[in-house]
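Numbering (our numbering), first residue to last: 402 to 718.
In structure tokens form, the structure reads like this:
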């Protein structure tokens with residue numbers, strides 16, 4: 402069996418530090434703190450750290466999305482995005498489109514050109530960014546769903562979309578930034594991981610935190626339209642979606658409290674300089690090393706020019 406991700410205690414050894422949110426991963430943090438070994442970096446639970454929603458950011462580029470959301474009922478729209486680097490196969494893209502249509506639920510879909518490889522979903526697609534992703538959708542899809550959804554190519558102002566009152570769900574690749582943004586806005590999820598640690602995040606969100614639903618793949622590794630439609634309905638109007646929404650609201654409150662003056666993240670940040678493994682002298686040493694390299698270069702140049710001057714002087718004499 403291929404190991405897709407390494408256990409946290411192994412991956413921690415290769416990082417420069419772990420920034421997380423104590424109220425989000427209390428058991429994981431406690432386990433790592435109890436069993437941390439020499440040479441492992443310290444834990445800094447000072448999150449969540451995300452950009453807050455504001456219409457002043459990318460207002461022109463995102464105005465179409467936000468204007469459309471302004472005209473939708475509260476909590477009625479499913480936001481669909483696989484991040485800035487994820488893409489689906491052509492077959493999976495078509496199934497997703499038809500699943501969205503079949504669900505009858507409102508959606509805002511950031512669609513990217515499909516990958517041209519054998520995988521049903523990839524991260525960092527090799528497809529050209531010059532191609533119009535909407536051209537790959539099923540024939541007539543955009544016209545048929547004009548009253549149901551909005552399809553935008555490649556990019557949308559995600560932070561503003563998730564903070565909008567009309568957004569009621571998020572079909573996501575489970576990248577960690579997207580996860581934190583969802584938590585801060587109390588938006589329940591459909592977890593559709595594409596790559597690496599996203600799969601671990603999806604399990605964590607769906608099975609541990611219970612803030613996400615997960616569609617099932619068929620024997621060919623494709624999520625078919627009927628399954629997609631069923632999961633979308635389940636999140637937006639079903640009992641499972643209601644439970645996920647309630648859990649996400651609780652998590653949002655916990656995230657907000659963590660950033661209060663007496664919150665867990667604020668306390669962790671204030672304790673950071675006093676941690677045993679926090680060594681500001683490392684930064685001083687790094688600065689000295691950089692200065693030393695520049696000094697070597699200066700001396701080398703100075704000596705080179707001096708030798709040339711002596712050489713020319715001897716020739717002239």
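Built from N, CA and C at the ideal position, the CB exists for glycine as well.
query                                                                                                                                                                                              : result
From the DSSP output, read off the bridge partner residues of residue 550.                                                                                                                         : 508
Identify the continuous alpha helix (DSSP H) that holds residue 564 and give its terminal residues.                                                                                                : 559-564
Using only alpha-carbon positions, find the residue among 484, 548, 609, 537 that is nearest to residue 756.                                                                                       : What is shown of the chain runs 402 to 718, which leaves residue 756 out entirely.
Spatial neighbours of residue 660 within its chain, please: C-beta separation below 6 Å, excluding the five flanking residues on both sides.                                                       : 666
Who pairs with residue 571 in a beta bridge, going by DSSP?                                                                                                                                        : 480, 590
For my contact list, residue 613 and residue 591 are in at a C-beta cut-off of 8 Å; report their separation, rounded to the angstrom.                                                              : 7 Å
Please go through the same chain and pick out, in chain order, the residues whose beta-carbon is closer than 8 Å to the beta-carbon of residue 617, but skip the five residues on each side of it. : 624, 628
Count the C-beta pairs between the segment 561-570 and the segment 537-550 that are closer than 8 Å, then say yes if the count reaches three, no if not.                                           : no
Using the DSSP secondary-structure output, state which residues sit across from residue 614 in a beta bridge.                                                                                      : 591
What does the alpha-carbon distance come out to for the pair residue 425 and residue 655?                                                                                                          : 8 Å
With 16 other CB atoms within 10 Å as the buried threshold, where does residue 672 fall?                                                                                                           : exposed
Mapping DSSP to helix, strand and coil, what is residue 723?                                                                                                                                       : A question about residue 723 goes unanswered here, because the residues of the chain that appear run from 402 up to 718.
Tell me whether residue 532 is buried or exposed, calling it buried when 16 or more other Cβ atoms sit within 10 Å of its Cβ.                                                                      : exposed
What span of residues does the alpha helix (DSSP H) with residue 656 cover, start to end?                                                                                                          : 640-659
Taking the CB atoms as reference points, tell me whether residue 589 and residue 642 lie closer together than 8 Å.                                                                                 : yes
Have a look at 572, 512, 543, 561 and flag the residue whose alpha-carbon is nearest the alpha-carbon of residue 554.                                                                              : 512
Give the C-beta separation of residue 584 and residue 637 to the nearest angstrom, bearing in mind that I take them to be a contact with Cβ-Cβ under 8 Å.                                          : No, residue 584 and residue 637 are not in contact; Cβ-Cβ is about 19 Å, not under 8 Å.
Contact check, residue 669 vs residue 445 under 8 Å by CB: the rounded distance?                                                                                                                   : 7 Å
What's the gap between the Cα of residue 546 and the Cα of residue 502?                                                                                                                            : 7 Å
Where residue 457 and residue 472 are concerned, what is the direct C-alpha to C-alpha distance, given to the nearest angstrom?                                                                    : Legend: pLDDT at residue 457 = 44, less than 50; position of this residue unreliable, value from coordinates given subsequently. Looking at the two C-alpha atoms, the distance is approximately 20 Å.
Can you look up residue 472 in the DSSP assignment and give me helix, strand or coil?                                                                                                              : coil
If I follow the unbroken alpha helix (DSSP H) through residue 542, where does it start and stop?                                                                                                   : 542-545
First and last residue of the alpha helix (DSSP H) that includes residue 426?                                                                                                                      : Counting along the chain, residue 426 falls outside any alpha helix (DSSP H), and DSSP gives it neither H nor E.
If we call anything under 8 Å between Cβ atoms a contact, is residue 494 one with residue 474?                                                                                                     : no
Three-state secondary structure (DSSP) at residue 663?                                                                                                                                             : coil
Could you check which residue in 645, 595, 596, 598 has the C-alpha nearest to that of residue 607?                                                                                                : 645
Quick check: the Cα distance between residue 582 and residue 560, rounded to an integer number of angstroms?                                                                                       : 7 Å
Would you mind giving the Cβ-Cβ distance between residue 448 and residue 569, rounded to the nearest angstrom? I have them listed as a contact below 8 Å.                                          : Not quite, the Cβ-Cβ distance comes to about 24 Å (not below 8 Å), so this is no contact.
Output the boundary residues of the alpha helix (DSSP H) element that contains residue 603.                                                                                                        : 598-604
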